[in-house]
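To start, the structure under review is shown below, and the notes come after it.
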Amino acid sequence: MRGMRITAAVAAAVLVLAACGSGTTSGPKTLKIGFTASQTGAQELTSKRQVEGIKLWADQVAKAGGIKLKDGTVLTPQLVSYDDESKTDRVQALYTKLINDDKVDFLLSPYSSGLIKAAAVVGEQNGKIMVTAGGADDATMEQGFTSIYQLYTPGSKYLTGAIDLMLAMDPTVKTIAIVNEKDAFSTGVAAAAKPYAESKGLTVVLNEGYDSGTTDFAPLVNKIAAAAPDAILGGGHFQDGQTFAKAVFDKQVAARFVALLVAPPEPTFSAIGAAALGIVGPSQWEQSVKYDATTAAAAGATWYGPAVADFVTAYQTAYGAAPSYHSVGGYAAGLVLEKAIEDAGSIDAAAVRKALDALNLMTLFGQTQFSTDTKTHGKQTAHQMVYVQWQAAGDGLASQVVWPVAVRTAPILPRQ
Numbered sequence: 410m411r412g413m414r415i416t417a418a419v420a421a422a423v424l425v426l427a428a429c430g431s432g433t434t435s436g437p438k439t440l441k442i443g444f445t446a447s448q449t450g451a452q453e454l455t456s457k458r459q460v461e462g463i464k465l466w467a468d469q470v471a472k473a474g475g476i477k478l479k480d481g482t483v484l485t486p487q488l489v490s491y492d493d494e495s496k497t498d499r500v501q502a503l504y505t506k507l508i509n510d511d512k513v514d515f516l517l518s519p520y521s522s523g524l525i526k527a528a529a530v531v532g533e534q535n536g537k538i539m540v541t542a543g544g545a546d547d548a549t550m551e552q553g554f555t556s557i558y559q560l561y562t563p564g565s566k567y568l569t570g571a572i573d574l575m576l577a578m579d580p581t582v583k584t585i586a587i588v589n590e591k592d593a594f595s596t597g598v599a600a601a602a603k604p605y606a607e608s609k610g611l612t613v614v615l616n617e618g619y620d621s622g623t624t625d626f627a628p629l630v631n632k633i634a635a636a637a638p639d640a641i642l643g644g645g646h647f648q649d650g651q652t653f654a655k656a657v658f659d660k661q662v663a664a665r666f667v668a669l670l671v672a673p674p675e676p677t678f679s680a681i682g683a684a685a686l687g688i689v690g691p692s693q694w695e696q697s698v699k700y701d702a703t704t705a706a707a708a709g710a711t712w713y714g715p716a717v718a719d720f721v722t723a724y725q726t727a728y729g730a731a732p733s734y735h736s737v738g739g740y741a742a743g744l745v746l747e748k749a750i751e752d753a754g755s756i757d758a759a760a761v762r763k764a765l766d767a768l769n770l771m772t773l774f775g776q777t778q779f780s781t782d783t784k785t786h787g788k789q790t791a792h793q794m795v796y797v798q799w800q801a802a803g804d805g806l807a808s809q810v811v812w813p814v815a816v817r818t819a820p821i822l823p824r825q
């Protein structure tokens, strides 16, 4: 796999050379990849992480000399991106612009299931392949799409694993509250969690949604406190998840287990201090979980790309911070597209779709394989989640992998 980050000047020079390549079947050519990012709005932080991963991938491809096809063609990625402001209507307009005006070859996704749903419809209607990171909504991938490919573990599995973890930690837990943001992703996760919890003998004493953009959780937390559940499950995205966790802490709600979506795996979640202590979250990736050629062989998958440690070093060098799973998702989306183009031997859409359908790949992000069933085509079938918990570490907090047991860095601890 390729080396480390290229400088902006060198990258620009490479792209100029690529754009001026000859018209023959070989030589350097520009591969235009389009996506939107939330430079502002509710998804700003996690979208920024995802874009950093995408850019690191493109830089490394350029430094390695491009994507080399068997016929001698060399493809150098050129990223075309716009600010979607975390707004669905802008996503639809901008993905239409990427396709019709910018003439991109392939699409990557915005961050969040709601924005991905809007982008996916535009991509599918125009026959453009899009690899999605940053979204796990089941319903989006159950529409019979032919050109949309989901990298993340589907949302229906986000909290079912948390319930398994909770009961392994404390079988005496009997009552739970499920509270979630009322967007497509979070609602879908909660809808899957409720019957699963009930199948395990748990009683759901509160099941309520809150509007996206909510900043005052006092009324909802008061309801939770009155219901006195043993555990709280739910949440939504980063900003609301962090604010909700602080509200639960400030109210001194005595739940023994709290698992929230999206927010806890983000390294900056601990900025709320003691309110983060004991909070659990599902993560698409953690750097302590190692994927390599050996784990690929055990899974019957093909190993592709850099080692986890090499990626982490490159990311920290480029951005001065540790990567979150959102960062790795963006990077892995590029890797998956790169491998499919290599396998296809061209950028012909039909050939690349065929290659994506046939993938059984292991990267630093974990295993990737897509459904080929007509109704769920492109839905992720192989990637596995892990669960983290914020625990005391010296004078501060540290995020520990606590589930599954086989890969944990620390045992799960009761919240109080």
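According to our numbering, the stretch in the sequence shown is residues 410 to 825, in order.
The beta carbon of each residue, even a glycine, is placed where N, CA and C say it ideally should be.
With 16 or more other Cβ atoms from the protein chains shown falling within 10 Å of its own Cβ, D649 counts as buried. Around Y558, the same chain offers V540, L765, F779, G787 as residues with beta carbons nearer than 6 Å, after the five sequence neighbours per side are excluded.
DSSP, reduced to helix, strand and coil, places P604 within a helical segment of the structure shown.
The criterion of a C-beta distance shorter than 8 Å is not satisfied by L478 and G709. Listed in chain order, the non-local C-beta contacts of T818 below 7 Å within the same chain comprise S697, Q809, V810, local neighbours out to five positions each way being set aside. The Cβ neighbour count for K583, taken over all protein chains shown within 10 Å, is under 16; the residue is labelled exposed. The Cβ atoms of S495 and F444 do not sit closer than 8 Å to each other. By the neighbour-count criterion, in which a residue is buried when 16 or more other Cβ atoms sit within 10 angstroms of its Cβ, N589 is buried.
W812: member of the beta strand (DSSP E) spanning 805-812, first to last residue. Minimum Cα-Cα distance from V657 among the listed residues Q487, T726, D625 corresponds to D625. Residues of the same chain with a CB within less than 6 Å of the CB of V531, apart from the 5 flanking positions on each side, are Q501, Y504, T505 in chain order. The criterion of a C-beta distance shorter than 8 Å is satisfied by I463 and G743.
Each residue's CA atom was taken as its position, placing P823 and T777 some 33 Å apart. A straight-line Cα-Cα distance of about 10 Å links L484 and E751. The DSSP-derived three-state label of S692 is strand.
DSSP assignment within the stretch 633-659 yields the following whole beta strand (DSSP E) runs of 3 residues or more, N-terminal first: 640-644. By the criterion of a C-beta distance shorter than 7 Å, G622 is surrounded in its chain by A451, once the five residues flanking it on both sides are discounted.
For I525, no beta strand (DSSP E) encloses it; the enclosing alpha helix (DSSP H) starts and ends at 522-534. For A668, the enclosing beta strand (DSSP E) begins and ends at 666-669. In the DSSP annotation of this structure, the continuous segment of the alpha helix (DSSP H) that includes I463 starts and ends at 453-472. Contact fails between the stretch 631-638 and the stretch 686-693, because fewer than three Cβ pairs, one in each stretch, are under 8 Å apart.
Going by DSSP, Q778 is part of no alpha helix (DSSP H) but of the beta strand (DSSP E) stretching over 775-778.
One thing to note: Y734 has its Cβ no nearer than 8 Å to the Cβ of P813.
A599 counts as buried, since no fewer than 16 other beta carbons sit within 10 angstroms of its beta carbon. V761 and S556 have their C-alpha atoms some 10 Å from each other. Residue pairing by DSSP places V613 opposite I585 in a beta bridge.
Excluding the 5 residues flanking it on each side, A716 has same chain C-beta neighbours closer than 7 Å at D701, L773, in chain order. If you compare the alpha carbons of E453, A529, D468 with that of D492, the shortest gap goes to E453. Using a Cβ distance threshold of 8 Å, P563 and Q789 count as a contacting pair.
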